[in-house]
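Below is one structure, written out as structure tokens; the observations come after it.
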Amino acid sequence: MQPSPLAAVVTNPQPRWLLVFVLGIAAIVYACNAGNDFLFDDIPALNGNELVQISGARFDEWRTAAFSSNAGPLSRPLTMVSFALQHALDDGFSARSLKLGNLAIHLAIGILLFFLFRGLLGALVLQGRVQCHAGWVAAVAAGLWLLHPLHVSTVLYAVQRMAQLSTLFVVLGLFLFVRWRSRWAVQGARIDEVVAAALWLFLVVIFAVLSKENGALLLWLVPAVEVAVYRGRWAGRRLPLLASAGWFLLLLPLALIALIFWLSPETFLGGYAQRNFTLEERLLTQPRMLWQYVGWIVWPNILSMGFQHDDTVLSSGWLNPLSTLIALFAWLAVLALAVWQRARWPLLLLAVLIYLVGHSMESSFLALEMVYEHRNYLPSIGLCLLLGFALVELLRRLSPARCAAASFALVAVFALLLGVRSHTWSDDLTLSRTNVARHPASVRSNYFYGNALLRQYRLRESLGLAEKDAEASLAVGRHYMELMHQRDPADIGALVMLYYLDSLFFPELGAQTDWLSTLQAALPGRVLKASDRNALQVLAECMGDGKCATEDVEVEKLFAALGRYSLTPSDLDSLRYSYLQASGAPPDELLAVLEGALARAPGQLSYYPYLLAQYNELGDAEGLLRSAGQWMHYDTNRRQLPLQRQLFAGATP
């Protein structure tokens with residue numbers, strides 16, 4: 186029996202060996218540079234999250250661990266369960282183990298991409314719209330994605346498992362759709378088969394969304410693939426109604442977004458109160474950023490990559506800067522060209538649609554940070570397929586010897602770039618130092634490097650640092666806080682850290698500048714970042730325990746200014762409590778702050794453990810039980826049940 190044309194197109198064992206070879210390189214390079222440092226958001230999301238640190242012995246622990254994250258409206262439970270599983274298996278969190286878990290997911294996605302690309306190309310070859318060896322192009326494209334240095338900031342950043350798992354299920358969903366749709370394009374299908382496929386696809390969408398909310402984009406990517414690849418083909422012929430349905434479903438999300446914005450603009454505008462840019466500035470800036478991402482994917486210049494990109498110039502108008510208008514018209518031109526030439530260049534349309542749809546949630550109207558590299562983890566797959574096709578077409582025009590040499594050089598270059606960049610991410614200090622070297626104008630890069638140096642000073646004994654090296658870390662750390670202040674004189678984190686450092690270590694410098702008054706003057710109109718809040722917490726504790734010698738009247742002036750301009754009442758209560766606790770205030774004074782905070786916001790669950798601790802300190806059993814009941818009353822989903830159980834574990838009747 187002769188194999189089917191589709192099987193002949195996509196079945197060849199040799200490309201699989203190329204894929205295995207690339208998988209091995211990616212595994213070795215990443216594993217050798219995984220390091221054992223937790224980075225940035227890893228610390229609050231994992232080390233500071235008691236609810237995800239479970240033994241796994243109780244079933245209810247898994248439930249509370251699943252919903253222990255504050256990230257996203259759905260809490261991303263599937264990802265949090267994966268973290269909890271690793272904690273239970275490893276008997277604690279190991280940064281290296283978590284990163285190796287991310288590596289395993291990365292390799293699994295690479296394998297799925299090979300089969301997805303092979304299926305897409307096989308369908309296009311069968312239609313006569315593309316002439317290529319589907320297996321080789323799929324292997325090269327999957328290899329480019331696996332070895333691309335842009336993805337280091339996703340794979341070696343533990344909390345970005347959220348983006349990885351979401352991408353894993355989106356790619357799985359696309360693979361299943363392509364597998365079914367390629368068969369239906371040739372043979373057709375019964376209604377029960379279509380319904381069963383839709384149900385399976387819906388299940389995969391649920392898994393993707395529960396990993397991270399942008400997994401919902403699978404529902405938009407499916408019509409994108411339909412429009413670019415299948416174009417309404419069914420049982421060997423083109424059905425105009427099916428082709429029109431594909432276009433309708435592709436454009437429908439745009440209409441829904443416009444409708445939501447018209448009916449409830451606050452849905453999109455509310456988050457901008459916590460940002461230092463407006464919706465207009467974000468929408469004007471993003472077309473430029475999308476071209477920046479394309480540049481990184483097509484020409485992976487690791488010198489311009491980095492974790493912090495707050496040095497990005499915002500677009501405040503169509504001509505400010507001029508590249509704003511150029512970028513927008515360039516996107517319109519590329520999209521128009523891809524749609525116009527969709528019959529001749531289907532891979533161009535596919536790549537553009539996957540890229541733009543993939544970025545539609547995190548790089549458009551939502552009040553998120555302006556730039557992050559990990560946002561390209563999913564959208565880059567279409568461009569990698571297009572690049573893989575172009576590379577194979579170029580290589581096959583060469584002689585066998587030159588083709589082999591060029592292929593080896595290409596793999597070597599990508600492996601080298603991946604190795605250099607993954608080594609940068611191997612530890613906190615190296616990453617922070619590299620970030621500030623490549624982005625010296627970035628305020629956050631200066632802050633994180635200074636903070637890394639100060640952490641090295643604090644841990645000098647456990648790290649075995651010589652006294653001279655430790656003092657150098659302290660001095661250089663302060664220097665970078667000073668540079669941060671010079672970059673942005675009103676930056677709250679810089680002012681707080683300079684006051685803190687000069688109070689503890691450099692009193693002669695502190696005598697030259699009144700950092701506290703400068704801090705208060707900078708508060709009006711300033712939107713606090715997470716790093717600012719962390720710095721204020723450190724300052725409150727330092728002023729409370731007397732290390733940062735501050736008069737009571739100055740402390741009250743600072744708290745009054747923070748309450749007037751920057752902090753919500755709840756945040757201010759938290760800061761005041763930290764100050765009083767560090768100062769050794771009696772339990773009744775601490776109780777007054779906590780009870781006042783809960784009177785204003787009784788659903789603020791984070792206060793209740795401290796409230797119970799103070800009642801226990803006073804021996805007030807009635808207050809203890811009343812507060813415990815109130816805590817359970819407001820914890821409607823019982824997400825803090827393990828913490829409540831832990832607090833009462835040692836109680837005796």
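Residue 186 is where the sequence shown starts when you use our numbering, and the numbers rise one by one after that. Beta carbons: idealized from backbone N, C-alpha and C, even for Gly.
Thinking C-alpha only, which one of Asn801, Ser611, Gln722 is nearest Leu747? Gln722
Using a 10 Å radius around the Cβ and a threshold of 16 neighbouring Cβ atoms, would you call Gly818 buried or exposed? In the sequence under discussion, the amino acid at residue 818 is His, which differs from the Gly named in the question. Its Cβ having fewer than 16 others within 10 Å, His818 is exposed.
Cβ atoms of Phe462 and Leu499: under 7 Å apart, would you say? yes
In the DSSP assignment, find the alpha helix (DSSP H) that holds Gln372 and state where it starts and stops. 346 to 372
In terms of alpha-carbon separation, which member of Tyr215, Leu424, Leu551, Leu335 lies closest to Glu558? Leu335
Euclidean distance between Cα positions of Leu404 and Val390: 7 Å
Determine the burial state of Phe354: buried for a count of at least 16 other Cβ atoms within 10 Å of its Cβ, exposed for fewer. buried
Option nearest Gln789 by Cα separation, candidates Gly421, Thr753, Phe574: Thr753
Could you have a look at Arg423 and say whether DSSP puts it in helix, strand or coil? strand
Proximity to Gly417 [Cα-Cα], best of Arg645, Tyr342, Leu427, Gln671: Leu427
According to DSSP, which residues form a beta bridge with Gly502? Asn505
Buried or exposed: where does Lys732 fall if 16 or more other Cβ atoms within 10 Å of its Cβ makes it buried? exposed
With a CB to CB cut of under 6 Å and the five nearest residues on each side skipped, what residues in its chain are close to Leu203? Ala324
Rounded distance between the beta-carbons of Gly635 and Tyr665, thought under 8 Å: 3 Å
My assumption, with CB atoms under 8 Å, is that Gly286 sits in contact with Pro200. Please give the rounded CB distance. That belief does not hold up - the Cβ atoms of Gly286 and Pro200 are roughly 28 Å apart, past 8 Å.
How long is the line joining the alpha carbons of Leu448 and Thr509, rounded to whole angstroms? 29 Å
Sequence-distant residues of its chain with Cβ nearer than 8 Å to Gln316 (five each side left out): Val310
Please tell me whether Asp758 and Ala782 are closer than 7 Å, where the distance is taken between their beta carbons. yes
If we call anything under 7 Å between Cβ atoms a contact, is Gly678 one with Tyr632? yes
Where does Arg581 fall in DSSP's three states? coil
Roughly how many angstroms separate the alpha carbons of Tyr800 and Arg830, rounded to a whole number? 17 Å
Could you name the residues that DSSP lists as bridge partners for Arg418? Arg423
Does the region 376 to 395 come within contact of the region 326 to 346, defined as at least 3 CB pairs closer than 8 Å? no
Please report the straight-line C-alpha distance between Ala326 and Ser548, rounded to a whole angstrom. 24 Å
Grouping DSSP H, G and I as helix and E and B as strand, with all else coil, what is Met490? coil
Gln271 burial status per 10 Å Cβ neighbour count (16 or more: buried): buried
Taking the Cβ atom as the reference point for each residue, do Tyr562 and Thr264 lie within a distance shorter than 7 Å? no
Need the endpoints of the alpha helix (DSSP H) that Asp702 sits in, please. Checking the sequence shown, residue 702 turns out to be Ser, not Asp. Segment 700 to 707, the alpha helix (DSSP H) holding Ser702.
Alpha carbon of Pro827 to alpha carbon of Gly814, nearest angstrom: 15 Å
If you follow the alpha helix (DSSP H) that Gln789 is part of, which residue opens it and which one closes it? It is not in any alpha helix (DSSP H) - Gln789 carries neither H nor E in the DSSP assignment.
Determine the direct distance from the alpha carbon of Trp700 to that of Asp839, and round the result to whole angstroms. The requested residue 839 does not occur in the structure, where the chain is confined to residues 186 to 838.
Output the distance between the C-alpha atoms of Asn822 and Asp496, rounded to the nearest integer angstrom. 41 Å
Please report the Cβ distance between Ala230 and Ser260, rounded to the nearest whole angstrom; I am assuming they are in contact, meaning their Cβ atoms lie under 8 Å. Contact doesn't hold; Cβ gap of about 11 Å is too wide.
Arg467: which of Phe278, Arg785, Glu554, Glu667 sits nearest, CA to CA? Glu554
Cβ-based burial, Pro408 [other Cβ within 10 Å; buried from 16]: buried
Excluding five sequence neighbours on each side, which residues of the same chain lie with their C-beta closer than 6 Å to the C-beta of Leu570? Phe302, Ala326
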